[in-house]
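**Student:** Note that the sequence shown covers residues 411 to 929 in this note's numbering.
All residues carry an ideal CB built from backbone N, CA and C; glycine is no exception.
To start, I am sharing the structure in question, which I have written as C-alpha cells.
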Amino acid sequence: MANQDKINELITKRVEAKLGGGEKRIEAQHAKGKLTARERIDILLDENSFEEFDMFVTHRTKSFGLDKEIYLSDGVITGHGTIDGRIVYVFSQDFTVFGGSLSETYALKICKIMDMAMKIGVPVIGLNDSGGARIQEGVRSLAGYAEIFQRNIMASGVIPQISSILGPCAGGAVYSPALTDFTVMTDKTSYMFVTGPKVVQTVTGEVVSAEELGGAQIHSTKSGVSHFLAKNDEENLLLIRKLISYLPSNNLEDPPSIKCDDPIDRLEDVLNEIIPENPNQPYDILDVITTITDNAEFFEVHRNYARNIVVGFARFNGRSVGIVGNQPKYYAGVLDCESSRKAARFVRFCDGFNIPIVTLVDVPGFLPGTGQEYGGIILHGAKLLFAYGEATVPKVTITLRKSYGGAHDVMSCKQLRGDLNYAWPTAEIAVMGAKGAVEVLEGSNIKKIEDADEKQLYIEKKEEEYTVKFANPYVAAKYGFIDDVIEPRNTRFRIIRALELLSNKKEVNPPKKHSNIPL
Ligand code: HXC
C-alpha cells in the first residue's frame, strides 16, 4: 500500500469513527432534543483544543452476534482539551452506539484518561448518556464500572471531578457521578435512578414515571443529587465551563485569580439599611452577597435544594471564594438536616481545593421537632460542624443578625478556628432568642401572674431587658469571640482585606489515616 493510500485509510477510519452508531441514530438523538457526544465536547472545550485518544478501540465480545456489530470508539469519546486555556480531560458517552452502554474496553478508555488526569493534576469531566452496563458483556461490564468507581474514589480531593448528566444514567452507573464533586442535569432529557420505574412497580407496587422518579427537577430540589439544573445540553456544558473557572486544577494549586476591575473599597450604604427593624422579618441574603462580591457575581450551587442555606462561588478582588450564607427568606434561615448536609459538603469541597470560605450568618437555630430528630439532625448538624472545624483554608465569618445557640457554634465561630470573625451592629449573638430565654428563665414568675394584661406586660419587659443585655454583638466582642464590629457598608473591603491577610495562612491538621466525619 502506498503511503497516500495508508493516509487515506486513516482518514476513512476517522470519518467512520466520527459517525458513531450512524446517521439514523444521530438523527434520533437530535429528535430527542439532545446533542451527540462529539457536539457536546465541542461546546464544552475551547475551539479546536480537543485531542482524542483511543478512537480505534472496539469491543471484544463475540456472542449475541456482536462480532458483526463493531463501532470504532466503542461508544465513548475520550481525550483532553482546554477550558479558558486550562487543560481538562473529558469522556463523552455516545448514546448512538449500543445506547452508550458500557463495555470492558469502553471502561478501559475512561480509566486511561482518569489515570492521565491524576498524573498531570487536572480535572476530569464526564458527559453521561448511557443505558448502563452493556448487557452482552455481563460481569466484565460490572468490573469496568468498579474500575471507574475506584478511580473516582482515589481522585476525590486530588483533582476536581464533574459529571454532566445528559440522558439516562441508571442502576449502579449512577454511583460514578455520585462519587464526583458536582453533577449537572439537563431538564426533561436526563434522569438518574438506582432502579427504574418498571422495577419500582414490580417490587413496591408504586407507579411512577422516569421523570418523577429521577428527573432533573427531582434531583435538583428533593434529593440534592444534582447541583445544577440546565434547560438544555448547551446550557449544561456552559455551566461546567463557568464552574471550572472558579476551581484550581488540583489540590496542590491555588484557585485561579483574575484581574478585578471592581473597586475593592466601594462603600455600600444600602447594606446599612438591609436588616429590617423587626427581627422576625426576612430579607434576601442573595442581595447581601451580590452587593459585596466582584461585579455582583455569584455562581450558586444547589440553588433549588435546601434553600434555607445558600452556597456558591464568587470572587473578591479577583480571587475565588466559597460563600455560605443562611437565607432568612426560607424558613427564617434555620439549619435542618438538608441544609446542614448541603453546606457541609460545600465547605469540605472548598477546603479540599484551597478555596477560602466566607460565611454570612443569620441563623435562628436548628429546626426543632420529631421530623428533624428522626431524620438524624444530630448527625447532619455534626457534619457541618465537623466540616468547618476540620477546614484549614482561610475562614472569614460575618454575623449579620441572629446567631443563636448550637447554630452559632456550627456556623464557623471563632473556636472552630474561624480566622477573622466580624459582626454587624445588628448582630444578636446569644444562647437563644429573647422569647425562648424569658420562657425558660421567667417561667415560674410568669405563671404566678393571674391578670392576662399584667402577664403580657411582664413578659414584654423581660424580653426587652434580655434583648438589651444579650441580643447584640458586644457581649461576644467583649470576650474576643468577635474580632471587630464593622459598619455593614464596609463589608466588601473588610472581607477583601481579611482574605489578603490570610493568603499565606498555614494550618495543618494532625496526621491520621482519615477523619471519621459523622456520615
Ligand atoms: C446493550 C443497550 C443497552 C444496554 C440500550 N441499548 N441499553 N445495549 N446494553 N444496557 C441499545 C438498544 O438495544 C438500542 O439498540 C439502543 O441502545 C438504543 O436503545 P433504545 O431502547 O432504543 O432507546 P430508548 O428508547 O431511548 O431507551 C433508552 C433506555 C433503554 C431507557 C436506556 O434502552 C433501556 O432501558 N436500556 C436498558 C437499561 C438497563 O437496564 N441497563 C442496565 C442497568 S443496570 P439499537 O441497535 O436498536 O439502536 C446497570 C448496572 C451497572 O447498568 C452496575 C454498575 C455497578
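So what does Ser574 bridge to, in DSSP terms?
**Tutor:** DSSP lists Leu537 and Val594 as partners of Ser574.
**Student:** Taking Cβ to Cβ, would you say Gly542 is nearer than 7 angstroms to Ala517?
**Tutor:** In this structure, Ala517 does not lie closer than 7 angstroms to Gly542 by Cβ.
**Student:** Below 7 angstroms between beta carbons: does that hold for Leu537 and Ser513?
**Tutor:** No, these two residues do not count as a Cβ contact at 7 angstroms.
**Student:** Going along the chain, which unbroken runs of the alpha helix (DSSP H) with 4 or more residues stay wholly within the region 501-556?
**Tutor:** For the region 501-556, whole alpha helix (DSSP H) runs of length 4 or above, ordered along the chain, are 514-530.
**Student:** With a threshold of 16 other CB atoms inside 10 Å of the CB of His629, please say whether the residue is buried or exposed.
**Tutor:** Counting Cβ neighbours within 10 Å, His629 comes out buried, since at least 16 surround it.
**Student:** Can you name, in chain order, every residue of its own chain whose Cβ lies under 7 angstroms from the Cβ of Ile927, other than the five neighbours on each side?
**Tutor:** Within the same chain, Ile927 has close Cβ partners Lys793 and Phe796.
**Student:** Beta-carbon separation of Gly431 and Val507 under 7 angstroms?
**Tutor:** In this structure, Val507 lies closer than 7 angstroms to Gly431 by Cβ.
**Student:** Just tell me which of Lys845, Gly577, Pro835 and Ala840 has its CA closest to the CA of His818.
**Tutor:** The shortest C-alpha separation from His818 is found at Ala840.
**Student:** Can you check DSSP and say which residues form a bridge with Ile930?
**Tutor:** Shown here, the chain extends from 411 to 929; a query on residue 930 therefore has no answer.
**Student:** Around the Cβ of His440, are there at least 16 other Cβ atoms within 10 angstroms (buried) or fewer (exposed)?
**Tutor:** With fewer than 16 Cβ atoms within 10 Å of its Cβ, His440 is classed as exposed.
**Student:** Would you decide whether Ser633 is buried or exposed? Buried here means 16 or more other CB atoms lie within 10 Å of its CB.
**Tutor:** Exposed, since its Cβ has fewer than 16 Cβ neighbours within 10 Å.
**Student:** For Leu677, which residues in the same chain have their Cβ closer than 6 angstroms to its Cβ, ignoring the five residues on either side in sequence?
**Tutor:** Here the set comprises Arg899.
**Student:** Which residue comes first and which comes last in the beta strand (DSSP E) that contains Lys872?
**Tutor:** Counting along the chain, Lys872 falls outside any beta strand (DSSP E), though it belongs to the alpha helix (DSSP H) covering Ala862 to Phe880.
**Student:** Indicate the three-state DSSP secondary structure (helix, strand or coil) for Ala640 in the structure shown.
**Tutor:** Ala640 falls in the strand class under three-state DSSP.
**Student:** I need the boundaries of the alpha helix (DSSP H) containing Leu855, first residue and last residue.
**Tutor:** A quick correction: the sequence has Asn, not Leu, at residue 855. Ala844 to Lys858 is the span of the alpha helix (DSSP H), which, as asked, contains Asn855.
**Student:** Where does Ala412 land, buried or exposed, given buried means 16+ other C-beta within 10 angstroms?
**Tutor:** Classification for Ala412: exposed.
**Student:** Where does the unbroken alpha helix (DSSP H) through Glu426 begin, and where does it stop?
**Tutor:** Note, Glu426: alpha helix (DSSP H), Asn413 to Lys428.
**Student:** What residues does the ligand HXC have around it, judged by CB closer than 5 angstroms to any heavy atom, in chain order?
**Tutor:** Checking every Cβ against the heavy atoms of the ligand HXC under 5 angstroms gives Phe508, Gly509, Ser511, Gly541, Gly542, Ala543, Arg544, Ile545, Tyr555, Pro578, Gly581, Gly582 and Ala583.
**Student:** Check whether the Cβ atoms of Leu372 and Leu455 sit closer than 7 angstroms, and answer yes or no.
**Tutor:** Residue 372 lies beyond the range of the chain shown here (411 to 929); nothing can be said about it.
**Student:** Check for me: the alpha helix (DSSP H) holding Tyr798 runs from which residue to which?
**Tutor:** Ile787 to Glu800 is the extent of the alpha helix (DSSP H) around Tyr798.
**Student:** Mapping the DSSP letters down to three states, classify His440 as helix, strand or coil.
**Tutor:** Here His440 sits in helix by DSSP.
**Student:** Are the Cβ atoms of Ile787 and Cys760 separated by less than 7 angstroms?
**Tutor:** No, the pair does not count as a contact, with Cβ atoms beyond the cut-off.
**Student:** Using the rule of at least 16 other Cβ atoms within 10 Å of the residue's Cβ for burial, across every protein chain shown, is Ile545 buried or exposed?
**Tutor:** Flag for Ile545 reads exposed.
**Student:** Are Arg751 and His712 closer than 7 angstroms when you measure CB to CB?
**Tutor:** No, they are not a contact pair.
**Student:** What does a CB cutoff of less than 6 angstroms around Leu392 pick up in its chain, not counting 5 residues either side in sequence?
**Tutor:** Nothing about residue 392 can be reported from this structure: the residues present for the chain run from 411 to 929 only.
**Student:** Does the region 701-721 come into contact with the region 636-644, if we say contact requires no fewer than three beta-carbon pairs (one atom in each stretch) closer than 8 angstroms?
**Tutor:** As far as the Cβ criterion goes, the region 701-721 touches the region 636-644, which means the pair count is three or higher.
**Student:** What's the gap between the Cα of Ile421 and the Cα of Gly475?
**Tutor:** Answer to the nearest angstrom: the Cα atoms are 28 angstroms apart.
**Student:** What are the residues that DSSP puts in a beta bridge with Lys805?
**Tutor:** Bridge partners of Lys805: Ile767.
**Student:** Excluding sequence positions up to five away, which residues of its chain have a Cβ less than 6 angstroms from the Cβ of Glu426?
**Tutor:** Excluding positions up to five away in sequence, the list reads Leu482.
**Student:** Which class does Leu830 belong to by DSSP, given the choice of helix, strand or coil?
**Tutor:** Here Leu830 sits in strand by DSSP.
**Student:** Which residue marks the beginning of the alpha helix (DSSP H) containing Gly815, and which one marks its end?
**Tutor:** Its alpha helix (DSSP H) spans residues Gly815 to Val820.
**Student:** Can you tell me whether Arg751 is helix, strand or coil according to DSSP?
**Tutor:** Arg751 falls in the helix class under three-state DSSP.
**Student:** On a CA-only basis, which of Pro804, Pro692 and Phe723 is nearest Val773? Give me that one, please.
**Tutor:** Considering only alpha carbons, the answer is Pro692.
**Student:** Using DSSP's beta-bridge definition, name the partner residues of Ile733.
**Tutor:** Looking at the DSSP assignment, Ile733 forms a beta bridge with Gly722 and Val768.
**Student:** Between the beta-carbon of Ser600 and the beta-carbon of Gly577, is there less than 7 angstroms?
**Tutor:** Yes, these two residues count as a Cβ contact at 7 angstroms.
**Student:** Please classify Gly495 as buried or exposed, where buried requires at least 16 neighbouring CB atoms within 10 angstroms.
**Tutor:** Counting Cβ neighbours within 10 Å, Gly495 comes out exposed, since fewer than 16 surround it.
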